[in-house]
Amino acid sequence: MITLEQFIVETEQEFPLATGEFSQLLRDIGLAAKMVNREVNKAGLVDILGYTGNVNVQGEEVQKLDMFANEQFLHFLSIGGQVC
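In terms of the numbering used here, the sequence shown opens at residue 585 and continues consecutively.
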């Protein structure tokens, strides 16, 4: 088993014309996923479980953990500079 970072570095080396932009995007996604994973592991302890009181465009009740995950991905993708 290898880490995501090891995979990114090894794979990028196979593409000599790679600019590193896609690699950075993958790193940003990985970091957001780590933050979400951390909160999932302690979800019952930090009041991140349950309904937010909102309904999404599909008519589903928005869960606190879903909202947190969405915020984390938006945050890390926006500061990474690879998406607009």
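Ideal Cβ positions, reconstructed from N, Cα and C, are used throughout, including at glycine.
Here the structure is a predicted model, which means the values were calculated and not measured.
Cβ neighbour criterion (16 or more within 10 Å) applied to Asp631:
exposed
If you drop the 5 nearest sequence neighbours on each side, which residues of the same chain put their C-beta closer than 6 Å to that of Glu616?
-> Just to set this straight, residue 616 is Ala in the shown sequence, not Glu. Gln656, Phe657, Phe660.
> Is Asn654 helix, strand or coil when you go by DSSP?
Replying inline: Looking at Asn654 - three-state DSSP - the assignment turns out to be helix.
How would you call Ala653, buried or exposed, if buried means at least 16 neighbouring beta carbons within 10 angstroms?
buried
Only counting runs of 3 or more residues, tell me where the beta strand (DSSP E) segments fall wholly within the segment 597-638, in order along the chain. none
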